[in-house]
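Here is the structure we will look at.
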Amino acid sequence: MDAPAYAPAALLRALEAARDGLFVVGADEAVTYVNAAAADVLGAPAEELVGRPLVELRPAEGGLLQGAVAAARTTDGSASVFDGYDTGLELWLEGEATETGEDVVVALRTTDARRARDRRAQRLTEDLERALDRAHLLLRLSEAVARPRTVAEVADVVARVALSGFSATFAGIALVSPDQRTMAYVSLAPLPEETGQAWAVFPFDAHTPPSTTARTGRAHLHQSRAEALVDFPDLLPDLETAGVHALAHLPLVAGDAVLGTLAVTWPHEHALSDEERGLLSVFAGYTAQAIQRALLLEQRGHVAETLQRAMLTDLPQPDSLELAALYRTAARTNRVGGDWYDAVVSPDGATVLVIGDVAGHDVEAAARMGELRAMLRGFAADRDEPPSALLARLDRAMARLLPGSTATAVVMRVEQPDEDTGTGRRTLRWSRAGHPAPLLRAPDGTVTALRGAGDLLLGVWPEDPRGDRTVEPTVGSTVLLYTDGVVERRDLGVSEGTAALEAALAELGGLPLRELLDRLVQRLALDAEDDVALLALRLHPPR
1 MDAPAYAPAA
11 LLRALEAARD
21 GLFVVGADEA
31 VTYVNAAAAD
41 VLGAPAEELV
51 GRPLVELRPA
61 EGGLLQGAVA
71 AARTTDGSAS
81 VFDGYDTGLE
91 LWLEGEATET
101 GEDVVVALRT
111 TDARRARDRR
121 AQRLTEDLER
131 ALDRAHLLLR
141 LSEAVARPRT
151 VAEVADVVAR
161 VALSGFSATF
171 AGIALVSPDQ
181 RTMAYVSLAP
191 LPEETGQAWA
201 VFPFDAHTPP
211 STTARTGRAH
221 LHQSRAEALV
231 DFPDLLPDLE
241 TAGVHALAHL
251 PLVAGDAVLG
261 TLAVTWPHEH
271 ALSDEERGLL
281 SVFAGYTAQA
291 IQRALLLEQR
301 GHVAETLQRA
311 MLTDLPQPDS
321 LELAALYRTA
331 ARTNRVGGDW
341 YDAVVSPDGA
351 TVLVIGDVAG
361 HDVEAAARMG
371 ELRAMLRGFA
381 ADRDEPPSAL
391 LARLDRAMAR
401 LLPGSTATAV
411 VMRVEQPDED
421 TGTGRRTLRW
431 SRAGHPAPLL
441 RAPDGTVTAL
451 RGAGDLLLGV
461 WPEDPRGDRT
471 VEPTVGSTVL
481 LYTDGVVERR
491 DLGVSEGTAA
501 LEAALAELGG
511 LPLRELLDRL
521 VQRLALDAED
531 DVALLALRLH
541 PPR
């Protein structure tokens, strides 16, 4: 190959040794020079390339190199930069073409290695992002299912996490009944009503995905309807009704027991990757732990509630007095606590009303409540004493028998009418130990808080003297005793809650007592996270 006349030998040697390819295209579009690196790129020895038009070489006509040379002839000496894929050479190339007189000098290099490195780096980045997404999702899963305290709350959280984390349209929990005869979904929202009716309760031994998964303890994963129908041929109507095309069922295992099945569905065919399968398995494990914890809490709550209700005996109905009570547990959290009420007829015929609240919301609080209630009930039935004396005796007994315990209470004594006056009016005598003041509603609707005698709560200073207050209400008046859960609300302070209770009692106080208590709870929209007790008294004319 002859070097161009203007190329001295030293320059030629440098061009031949260059790592980048270099070739020259003359005015007739024929190649006039190719160094060794460019010959490697163009795929032929230099002697076979020189003298041949560029269009006859492997670079496709209209391809990357052809376009770069053509562009260089229109740029008035400016470099035409290129970076892309040449379909003729089947290579990724980058470089620049520059017109020098009638020639175009093309410098180029392949970028396949760089692009391979970029692809590896991109894959590593994507793998890292997926790992971070997985770690974030696992953290979300563990945090989400750690908070719920009831099975219904667990089911709600599971549905929300599955919809956001797995792009599913439904996630539900089907639990095995204690006798292992049936299974039931905790919630079937937002599936169609027909699906909900069909799957609300179904036999444990049925040949269905959730029951088979629970019986075998083995996951069933189907990426399409066709796959699901191979294992469960009778499932087609339900899949069509619910619009489900892919579904996953995983056992909820806690220890050696299978509690039920986690079902996740998609509205289109969905091939689960190994990563998704692993995530779903971890998700099912978290869900099983949350379900087991919620079941234990609910069972504990039911036991304590049963114990507590067993200690709330029926109310007496003395002559010319009407009594009614309402007790409601903390429904949202299945907690029980120390709220209690009682009514006892003393030896002299007076009626003693009691309402109180032991600190705490657990079985221990309920047990302490039972002890206090039993002691005070015994004191009231044993002898005729004013309310302050009864509270003082209870306070001293607590110091000896239940040290460290605290409680609030109101004791009210409804004394017999004075026969000498002939008015039939009774005296209400009460004493408070840190408890909300009872409310007195007159027949005309006027409501008065029976404050005063508001001494220290029980369990603080047993030797502190206690006092009594009295009032003589008219016949037809209503008295309401209540625990703090009635007036303590998240959205209202105690003073606002008390004002709301007074207004509701003024308006509704003429209703029959039992209906009055129900309506008060509805009207006040009481916070379901606290237990409440109400005890109502109405004074009727003597018979």
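Terminal number for the sequence shown in full-length UniProt numbering: 543, no gaps in between.
By construction, the Cβ of each residue, glycine as well, lies at the ideal position given by its N, Cα and C atoms.
The model shown is predicted, which means the values in this text are computed figures rather than measured ones.
Check, Outcome
"Could you check where the beta strand (DSSP E) with V264 kicks off and where it finishes?", "A257 to W266"
"Report the three-state DSSP secondary structure of T208 (helix, strand or coil).", "coil"
"Just how far apart, CA to CA, sit R237 and P209?", "The question names Arg, but residue 237 in the sequence shown is Pro. Approximately 14 Å, taken between the alpha carbons."
"Any contact of the stretch 197 to 207 with the stretch 216 to 229, i.e. 3+ C-beta pairs under 8 Å?", "no"
"Hey, would you say L247 sits closer than 8 Å to L262, going by beta carbons?", "no"
"Is DSSP giving F232 helix, strand or coil here?", "coil"
"Can you find the residues in the same chain that come closer than 7 Å, C-beta to C-beta, to G476, ignoring five residues on each side of it along the sequence?", "P443 and L539"
"With G172 as the anchor, note down where its beta strand (DSSP E) starts and where it stops.", "F170 to V176"
"Report the start-end ranges of each beta strand (DSSP E) in the stretch 78 to 119 that is 3 residues or longer and not cut off at the edges.", "80 to 86, 91 to 100 and 103 to 110"
"Can you give me the start and stop residues for the beta strand (DSSP E) that A152 sits inside?", "Premise fails: A152 lies in the alpha helix (DSSP H), V151 to G165, not in any beta strand (DSSP E)."
"Does A68 come out as helix, strand or coil in the three-state DSSP assignment?", "helix"
"Cutting at 8 Å between CB atoms, please list the residues of its own chain near T195, excluding the five before and the five after it.", "L188, D238, T241 and A242"
"Out of M398, R426 and D395, which has the shortest C-alpha to C-alpha gap to A350?", "R426"
"For L323, name the three-state secondary structure that DSSP assigns.", "strand"
"Flag this pair as yes or no: are the beta carbons of D342 and T483 separated by less than 8 Å?", "no"
"Kindly indicate which three-state DSSP category W461 falls into: helix, strand or coil?", "coil"
"Do you know whose CA, among R140, L191, Q223 and L252, lies nearest V176's CA?", "L252"
"Report the CB separation of G260 from A389 in whole angstroms; it is logged as a contact under 8 Å.", "Wrong, their Cβ atoms sit about 56 Å apart, outside the cutoff."
"Suppose you measure from the CA of A9 to the CA of V106; what does that come to, to the nearest Å?", "20 Å"
"With 16 other CB atoms within 10 Å as the buried threshold, where does G172 fall?", "buried"
"Does G243 come out as helix, strand or coil in the three-state DSSP assignment?", "coil"
"Evaluate S80 with the Cβ neighbour count: other Cβ atoms within 10 Å of its Cβ, from every protein chain shown; 16 or more gives buried, anything less gives exposed.", "buried"
"Closest to L391 by CA distance: which of A433, E415 and D40 is it?", "A433"
"Using only alpha-carbon positions, find the residue among R429, T406 and F283 that is nearest to G165.", "F283"
"Report yes if the CB atom of V411 is closer than 8 Å to the CB atom of V354, and no otherwise.", "yes"
"In this structure, what does DSSP give as the bridge partners for A30?", "P53"
"Under 8 Å between the Cβ atoms of H435 and G360?", "no"
"Measuring CA to CA, which of G88, R466 and F82 is closest to E96?", "F82"
"Check the DSSP bridge columns for V282 and list the partner residues they point to.", "DSSP output for V282 lists no bridge partner at all."
"So, with DSSP's three-state summary, where would you put L401?", "helix"
"Could you pull the DSSP bridge partners for D357 from this structure?", "D339 and T408"
"Give a yes or no on whether the C-beta atoms belonging to L89 and V50 are separated by under 8 Å.", "no"
"Can you tell me which of T32, A68 and A37 puts its alpha carbon nearest to the alpha carbon of P53?", "T32"
"In whole angstroms, give me the CA-to-CA distance for T98 and D76.", "9 Å"
"Could you check what DSSP says for R432 in three-state terms: helix, strand or coil?", "strand"
"Taking only three categories from DSSP, how would you classify P251?", "strand"
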